[in-house]
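The sequence shown begins at 6 in our numbering and counts up by one. What follows is a set of notes on a single structure, which appears directly below.
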Amino acid sequence: MKAAAAALIATVGTSSFASAFTSGTSRGRPTSHLAMSSLPSWNDLQSLASSTPVGSSLDEEVSLRPTGRAAPFVQNKLRLFDSEEFSSDKPPKITLYRDHAGWCPYCMKTMCQIEEKQIPINIELVPMRSYGDKPTEFTKLVPSGLLPALIVETDDGRKQVITESQVIMELLDQWHPPSEGYKPMLPDSNDQAGNARYDMLARLERDLFSWWCNFIFRPERMGGGGSGGLMGMLSGKGGSAEMSGAMKGFLDALDKVEAELKSTTGPWFFDNADHPTMIDFVYVSHVERMLASAAFWKGLDLRSGDEKKRFPCLNAWLEAFEKREYYLAFKSDYFTHGGFYIVLILYF
């Protein structure tokens, strides 16, 4: 729309564009009205937008989406990447059901892995419960309504249903191994040290998640005096005596995450790959929400000022993700995440 507006103004001129909305005066002030005959139609705006480089590129993307070979997009329904085995006429026999709006962190981590590994897959979009009832055709397959859900069609036409993001991600990794040209997402089964590190990181993620819930969903204690005042207690900037136990626990858990990222040579949790692996995706979908809710509700901005200096490896890890197009396609914003947690508090 911005491109269309810019093209429109360039075409008809700024003064002419403004005159379409104002004419005459009343006591020295312009009287606003719509000169409908002088305004372009929606078709005209579409043509103007399509004539710009951005509009032309977006039109091309829209035309590619049904083929499964477009750029990452939150509402893509087919992903084929460079596969020569599948096409829109011969789609894969696995289908991922995920949330329509791109809010679900478990769907997000699954999609990030699919995009990084470039796994050919069908995608069906289903609303979360907060948007209304799930369609009957989905609940017949998945009575629990859980998302994400993976449907695998066997050669004899039967459909196998798999839920739980961790299980789905592990199976997708097994079914698309490095021997077939796919990136590995888990340590090799014979890599004892690698598997031990993965398990340790997975436990740390759950610990971080628990401290985050305590920090966000419980009010700060209002004890004590001191010079920091209410905002000092909320942000932790009023001195250690005024920092709540929940905030301290959350920051201590982040310190441990920072140490694990610092222990590798690259931005990721594992050194044996030059790309994010499954444990990175397990973390990032929740860390993104932690950043938003901590800033929105507690005034704790982990990506600027003193906190960014405290967590340089965490911020480098996030910046590495932000160079990946699929992450930007699924990443949400602070206001969406901040508002979402009020919904959780009020309705769940």
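Using N, Cα and C, we set each Cβ at its ideal position, and we do this for glycine too. Predicted model only: the values in this text are computed from it and were never measured.
(message) Relative to the C-alpha of residue 1, which candidate in 218, 90, 300, 52 has its C-alpha closest?
(response) The structure shown does not extend to residue 1, since the chain spans only 6 to 353, so no value can be given for it.
(message) What residue range does the alpha helix (DSSP H) around residue 119 cover?
(response) 110 to 122
(request) Might you give, ordered along the chain, the residues of its own chain that have their beta carbon closer than 8 Å to the beta carbon of residue 324, omitting 5 neighbours on each side? (result) 272
(message) Residues in the same chain with beta-carbon distance under 6 Å from residue 88, minus the five sequence neighbours each way, listed in chain order, please.
(response) 125
(message) Assuming residue 288 and residue 210 are in contact, meaning their beta carbons sit under 8 Å apart, how far apart are those beta carbons, in whole angstroms?
(response) 6 Å
(request) Could you tell me which uninterrupted beta strand (DSSP E) segments, each at least 3 residues in length, are contained entirely in the region 54 to 116, listed from first to last along the chain? (result) 99 to 104
(message) Just verifying my parser: in three-state terms, what is the DSSP assignment at residue 202?
(response) helix
(request) Using the Cα positions of residue 293 and residue 336, report the straight-line distance between them to the nearest angstrom. (result) 8 Å
(message) Determine whether the beta carbon atoms of residue 334 and residue 77 lie at a separation below 7 Å.
(response) yes
(message) In this structure, how does DSSP classify residue 130 when only helix, strand and coil are distinguished?
(response) strand
(request) Please report how far the alpha carbon of residue 254 lies from the alpha carbon of residue 168, in whole angstroms. (result) 32 Å
(message) Does the structure place the region 106 to 121 close enough to the region 48 to 64 that three or more beta carbon pairs sit under 8 Å?
(response) no
(request) Over the uninterrupted beta strand (DSSP E) stretch that includes residue 144, give me the two end residues. (result) From DSSP, residue 144 is part of no beta strand (DSSP E) but of the alpha helix (DSSP H) over 141 to 146.
(message) Assess contact between the region 302 to 320 and the region 251 to 269, defined as three or more Cβ pairs (one per stretch) separated by less than 8 Å. Is contact present?
(response) yes
(request) Kindly give me the distance between the Cβ atoms of residue 155 and residue 173, rounded to whole angstroms, as I take these residues to be in contact under 8 Å. (result) 5 Å
(message) Given this structure, state the Cα-to-Cα distance separating residue 223 from residue 111, to the nearest angstrom.
(response) 24 Å
(message) Applying the 10 Å Cβ sphere with the 16-neighbour rule, what's the burial state of residue 29?
(response) Confidence in residue 29 is poor, its pLDDT being 47 and thus under 50, which makes the residue's placement unreliable; the coordinate value appears in the next sentence. It counts as exposed.
(request) Report yes if the CB atom of residue 269 is closer than 7 Å to the CB atom of residue 276, and no otherwise. (result) yes
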